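K.L.:
Have a look at this one before I ask anything.
Chains as they are written, first to last, in our numbering: chain A, 1 to 1042; chain B, 1043 to 1646.
If you want it as structure tokens, here you go:
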């Protein structure tokens, strides 16, 4: 069956190939003269899809061309002479004419044309599911951003460039790790207990990467936020992100080269206690435990004065282990152009990111290649062939980020990173000296992922039925992953504190740390997905002013994957890092495989009366292998309506200052099928540990993966949206607003809260949850100009509040602790993590402890927990659910663009509010404390303190029990992007054969203001600070067009 | 190329129609395939295939074995009673501060396998096996019996842990499916003991005395489990429920019946193991002058001994979740974590070589407390001055021999003309990871394989869940309770003889005291004491504040440091407190919220 599917794909590809090969000779020959040029808007940005026509008034010769994505056009077969007139026209721009050109033989005429916008964005064409639509006639709730705006961010990961630009899209960047720094994206917040990721569709193919696409190749990003996504059926409930890549346009080849060099560092480094302070705190731990302090006052003095750096150092671990700035760079060259017959867009890009650590083992390199070809075979048949490939090359140290950054933030300031003689210092825990474990001294963890995405497209205009066309797509995506993890011992230097050499200097001993013997793990993955679809489009005008558009199609998607890994240890040397060099005695290997398939039928009907009354119906009948036979197919319809009131006479008479006003409404059903497959089957999987008999014989183990749920099926989202789009002041002001009301039901969740553990059941997912989510999003902007000065300002934002209306509750839990009626917890698997004791202060003294109910064993300096149910005892009944989670309720962006002559300034200020982070550092004998804690902790002398007494790790009840003291608001506002650019005047650059030259400096996360969280970045996922810290980037670049 | 071209030119308007049809049909080729969406997991077995295949059923049974708790997976029972101390990590437990909403260390990963959730998870696995094994087409009857016997034994084992920790629990003997009524009531303590005991008998009847593959449960294992369970059931805690008040004493102990018969049953159960004749004490007849300390130590480091009844094997590759006694117990001066540090009371419980009690008040003993002790002391405790394994390269220069240094040294600093105190390599002022230094002045030695450098490598010596010495002690305890002192002494003295200790001669209550100390010493750190102090109801003494020793090498008049310790001082190192509620663990509030039929344990 797999073979058959593959064969059908191959046959289509072959047919395409034949077409391509046979149609390469249609290009016209014979060049008399060359005319080429570039079309820009008033911001000097290139404009694509502008029609350029040329006419010779004498000979009546005419020809046409279209600008490409770089704004370029060219004519290659114009006879010399003249006068020629050029006319430039395009949707959204005022038509412009240049006349009186005489063209000489063998001389190239270059034209740079600036076109003024008609100030209306309504003419823009946006990408929607399986097609495009004019913004004016859109009825769904859709946000979009152009590739050029994405490029303003120096972040190499595209998912980090969307936050604040798309109303209704929440983006959180929890990590800055090179190659693994993507944002969590939530469209209109969280709607499910399970997987909330939107569906990402690149050039019509679901499941491709948003994070790793080369930003230079993006033409546009569109987000379907409401039921208009129903055409994607069972995977659309979390919203759909459509990415469209650039394509070639008519004209001679245009080469654009872009290079930028950036420097990254963590947005914030926590301020830690110094050695003397840390020693003081260690003493306090012992004193509170009734034991003798460790350090004498003289010793603490030595930490302070630095008189004995061998015995009493004072180490700033952030300074010792991290670089001030880490390099990153990005380069891209693209070529585009084409003739009527063949258009091409080729792009090659490289980006590279270094890690924060000194001599960092973290490094990420990516190579991107894309070739998008369009061939027009005749009036009726056109073909497209896209091939995109990339290599993701990740280099990491062998220790996980939790340990790496743990070693830094927990780093003991009373221990050296390097001895005064420059040698690397001793082991902190298990050899984790932060100054070395971020390097390749511990071995390496390298992986390469090779990805090939291909699309072959066929478009046939069916001649015998006017308005009917046929489309087919075959997309074959392949990725191959190979990881090699070589761990080896590293060496640290210990001084026993006593031994002195003949020279009177301490004697250091080099010792092995980490892994006793080198060991190697290699693993590979091989995956492919094949998508085949076919659809008919039909357009017809009915009566005088009715228009009908119909789309019907079918699609199948199938995939398989294989996994394999092997391990050996006992390498006798680190020189060879191949499996065959490892010991044959202790080795291990494993493998597994996966398979999936989906089939669906979909369609869309648009009906438009007089351009005023708009209706769209989309549907999908979706089938997924994930569910049992009788639950496998689902029907997902979406209806949306629009009414352009501004086209009514009464409006134009009375409200003409509002040039355009459209109200929209949509409603529909979408699905979410993202759960582990085969929940309806009773299966047994391999246990992680073998069972050993006879001292050393390993026996395989099998366990029941879950009990089956034969009824498992989709999550269903009912999505309703009401919105409006308005333009005022001749399009200078635009306003879009949307209100939504979503209801997710049949949410796939486990009944762990109510099924007693005595059953021993490993539960399957069941369709048991219901959630509502309501909110709004908006975008308001103004485009203005004054002389040479142009400016655009816009504000966008989204607010969403979700509520669990039904799910599995523990029957005996008190009402105020239940989660029904509250927002989806931060971690729905640990729903009670959002139950907190209410911290209402710190016990000043014993009298305070005696006065009110307290935790058993509480003492002065401890945190006071509120006796919520007032029963005189502090126990679990006093925990209260906190409604705030890690998901902000409100997110927004403020975008400012300024242009003056060749200068451009763009800024994006982004913010979020309504989220919280539970933040505790791993402090105590295990690691250092925040300086803020040292300064403001309770001591018998400082009883009016903001922090409690010194603790060791989680050994106090107010450390081990989740309480609101450690809960911080992460509300923030930050300068997400800033770009200052200068465009060399074309009149100057063309002298050097350069059509456009732009230099710029830009930044990412430059300033952050988060009043309730000072030491960590508000987007950082880990409240311990033990994860790869979020990036700040400064960047400079140059872009040249030939 | 020409061929293609001419071929193409024939594709005219007329043929376009066929092309569209052809492509459309091609894209839908798979639509004709009705099974297109019918997939099977590629890396898992279906239930149907598993229960038909003896090999797969055996693999399923193999997995049930991993439900058995292992000591020394970080937090360990020994640190939750008066055997050792895990730095300052379990103070809430040792102060009896646990509640139904706060189980403290009992929720840590090392205790996972004795959690209510995990034990019932594996009980379900056993139930699944027992429901399906009879119908399974296994032609080899012997194998079928063996697998069934293992399932019965394992389920009984999990229930025995539940009953020891919680008292009577719901006896779930069927594998639930999704829409069953899940709310089960607690069975009485008596029912539970009866159930476990009978299941052990059934298992013993099916299991062979010697398994072809060692590590699997045997007849002896099933009978040993029965011995342990019946001994616990005959003990004070289950037969004196006054501590629990009047609410549901039947859940935490016997409310009627004859205690004498319980002791007799316990005695008979132990005797049944002895009468199997399959086991004997390791090196039970030491020659005069034989190093019995070494015998005792190597018993736990051997891959196989005559004393093994039920054993867990490892390979160095098996990364048993949290199990890594070597790394955890090794002193910081060997780059270990040094977390199972024996408390002073435990160390002091080791008798003198002549069988007399150790006493700090005896000036001779106090001057050299580690001389002339029970040989098992030298095999079990790493004390200051004990020779152990070779130091690692970091500190080998300071200590080429490899001697435990938990003492402190007064040295003369000629620069400042004053005495300064320097910590030994294995103290909290040592050069290596000082925060891992012992608080008590001792480290654990028993079970720790000195041939393995635990900083890098996990030891793979087996762990003994049941060994013959326990059975002999179980037997002796029942005999004492039944007034059969001579019979008891016979067996206790077998163990003492192996250890190189003189025979016990006391009778009556004195004998019982000697017996209890013998059990404490012989089975030290093996996970028994936590339960023993409860069932003997001596917990209030066992949860006295933990003690440590501070050892000082004083400065001599000539300003050199004394080569031998000049003082030992005993100090309190961790406050501990007993509350009778801690006889049993509370059922978590979450579980009671799920099932309102569950009755909470007394005093919570």
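Heads up, the beta-carbon is just placed ideally off N, CA and C, and yes, glycines get one too.
What you are looking at is a predicted structure, and each value in this text was computed from that prediction instead of being measured.
For residue 377 of chain A, name the three-state secondary structure that DSSP assigns.
P.N.:
Residue state, collapsed to three classes: coil.
K.L.:
Are the CB atoms of residue 269 of chain A and residue 318 of chain A nearer to each other than 8 Å?
P.N.:
Yes, they are a contact pair.
K.L.:
Strictly below 9 Å CB to CB, what residues from chain A border residue 1158 of chain B?
P.N.:
Under the 9 Å cutoff, chain A gives 757 and 758.
K.L.:
Residue 1239 of chain B: buried (16+ other C-beta within 10 angstroms of its C-beta) or exposed?
P.N.:
Looking at its Cβ environment, which holds 16 or more other Cβ atoms inside 10 Å, residue 1239 of chain B is buried.
K.L.:
Do residue 670 of chain A and residue 230 of chain A count as a contact pair if the criterion is CB distance below 8 Å?
P.N.:
Yes, these two residues count as a Cβ contact at 8 Å.
K.L.:
Does the distance from the C-beta atom of residue 769 of chain A to that of residue 750 of chain A stay below 8 Å?
P.N.:
No, they are not a contact pair.
K.L.:
In three-state DSSP terms, what is residue 1283 of chain B?
P.N.:
Helix.
K.L.:
Go through its chain and collect everything with a Cβ distance to residue 549 of chain A's Cβ below 6 Å, but skip five positions before and after it.
P.N.:
Taken in chain order, the residues that qualify are 539 and 606.
K.L.:
Compare the beta carbon distance of residue 397 of chain A and residue 437 of chain A with 8 Å and say whether it is the shorter of the two.
P.N.:
Yes, these two residues count as a Cβ contact at 8 Å.
K.L.:
Do residue 1527 of chain B and residue 1549 of chain B have their C-beta atoms closer together than 8 Å?
P.N.:
Cβ distance < 8 Å, so residue 1527 of chain B and residue 1549 of chain B count as in contact.
K.L.:
Spell out whether any CB of chain A is found under 8 Å from the CB atom of residue 1257 of chain B.
P.N.:
Closer than 8 Å: yes.
K.L.:
Chain A partners of residue 1084 of chain B, CB-CB under 8 Å?
P.N.:
Within chain A, the residues near residue 1084 of chain B are 592, 593, 594 and 595.
K.L.:
Please work out which residues of its chain come closer than 8 Å, Cβ to Cβ, to residue 263 of chain A, disregarding the five sequence neighbours upstream and downstream, and give them in chain order.
P.N.:
325, 326, 327, 328, 1033, 1034 and 1035, listed in sequence order.
K.L.:
Can you list the residues of chain A that residue 1634 of chain B reaches, using a CB-CB cut of under 7 Å?
P.N.:
Those within 7 Å of residue 1634 of chain B in chain A are 812.
K.L.:
Under 6 Å Cβ to Cβ from residue 1246 of chain B, same chain only, skipping five residues before and after it: list those, please.
P.N.:
For residue 1246 of chain B, where only same-chain residues beyond five positions count, the Cβ hits under 6 Å are 1261, 1264 and 1265.
K.L.:
Determine, using beta-carbon pairs with one atom in the region 241-251 of chain A and one in the region 62-74 of chain A, whether at least three such pairs fall under 8 Å.
P.N.:
Contact holds: three or more Cβ-Cβ distances are below 8 Å.
K.L.:
By the DSSP assignment, the beta strand (DSSP E) with residue 1367 of chain B in it spans what residues?
P.N.:
Not the beta strand (DSSP E): residue 1367 of chain B falls in the alpha helix (DSSP H), residues 1367-1371.
K.L.:
Mind checking residue 1347 of chain B: buried by the 16 CB within 10 Å criterion, or exposed?
P.N.:
Buried, since its Cβ has 16 or more Cβ neighbours within 10 Å.
K.L.:
Whole angstroms is fine: what's the gap from residue 273 of chain A's alpha carbon to residue 288 of chain A's?
P.N.:
Going by the C-alpha atoms only, they are around 20 Å apart.
K.L.:
Going by the C-beta, is residue 1247 of chain B closer than 7 Å to any heavy atom of the ligand GDP?
P.N.:
The ligand GDP is not part of the structure shown, which contains no ligands of any sort.
K.L.:
Looking at C-alpha atoms only, which residue of B/1191, B/1231 and B/1222 is the closest neighbour of residue 1206 of chain B?
P.N.:
It is B/1231.
K.L.:
Identify every run of the beta strand (DSSP E) within the region 1376-1419 of chain B, keeping only runs that are complete inside it and at least 3 residues long; order them along the chain.
P.N.:
Correct list: empty.
K.L.:
Shorter than 8 Å from the beta carbon of residue 846 of chain A to some beta carbon of chain B?
P.N.:
Cβ-Cβ to chain B under 8 Å: no for residue 846 of chain A.
K.L.:
Let me check understanding here. Comparing Cα to Cα, which of A/891, A/635, A/1019 and A/963 lies closest to residue 838 of chain A?
P.N.:
Minimum Cα distance to residue 838 of chain A is reached at A/963.
K.L.:
Restricting to runs no shorter than 4 residues, where is the alpha helix (DSSP H) found entirely within the region 1138-1215 of chain B?
P.N.:
Taking only runs of at least 4 residues, the alpha helix (DSSP H) segments lying wholly in the region 1138-1215 of chain B are 1158-1174 and 1183-1208.
K.L.:
In chain order, what residues of the same chain have a beta carbon less than 7 Å from the beta carbon of residue 1006 of chain A, not counting five sequence neighbours either side?
P.N.:
Same-chain partners within the cutoff: 975, 978 and 1032.
K.L.:
Taking the straight line between their C-alpha atoms, what separation do you get for residue 330 of chain A and residue 412 of chain A?
P.N.:
Looking at the two C-alpha atoms, the distance is approximately 37 Å.
K.L.:
Within 8 Å of any Cβ in chain A, is that where the Cβ of residue 1499 of chain B sits?
P.N.:
Taking Cβ atoms only, chain A reaches closer than 8 Å to residue 1499 of chain B, which makes this a yes.
K.L.:
Which partner residues of residue 1085 of chain B appear in the DSSP bridge assignment?
P.N.:
Residue 1085 of chain B pairs with nothing; no bridge assigned.
K.L.:
Which residues, in chain order, does the region 503-537 of chain A contribute to contact with chain B at a C-beta distance below 9 Å?
P.N.:
Per Cβ criterion, the list reads 507, 509, 510, 511, 512, 513, 514, 515, 516, 517, 532, 533, 534 and 536.
K.L.:
Quick one: which chain A residues come within Cβ less than 7 Å of residue 1141 of chain B?
P.N.:
Chain A residues near residue 1141 of chain B: 875.
K.L.:
In terms of alpha-carbon separation, which member of A/98, A/863 and A/818 lies closest to residue 840 of chain A?
P.N.:
Of the candidates A/98, A/863 and A/818, the one whose C-alpha sits nearest the C-alpha of residue 840 of chain A is A/863.
K.L.:
Going by other Cβ atoms of all chains shown within 10 Å of its Cβ, with 16 needed for buried, is residue 59 of chain A buried or exposed?
P.N.:
So residue 59 of chain A ends up on the exposed side.
K.L.:
Bridge partners of residue 704 of chain A, per DSSP?
P.N.:
Residue 704 of chain A is bridged to A/684.
K.L.:
Could you check whether the Cβ of residue 1402 of chain B sits closer than 8 Å to any Cβ belonging to chain A?
P.N.:
No, residue 1402 of chain B does not count as interfacial toward chain A.
K.L.:
Helix, strand or coil: which one does DSSP assign to residue 1516 of chain B?
P.N.:
The answer is helix: DSSP assigns residue 1516 of chain B an H, G or I state.
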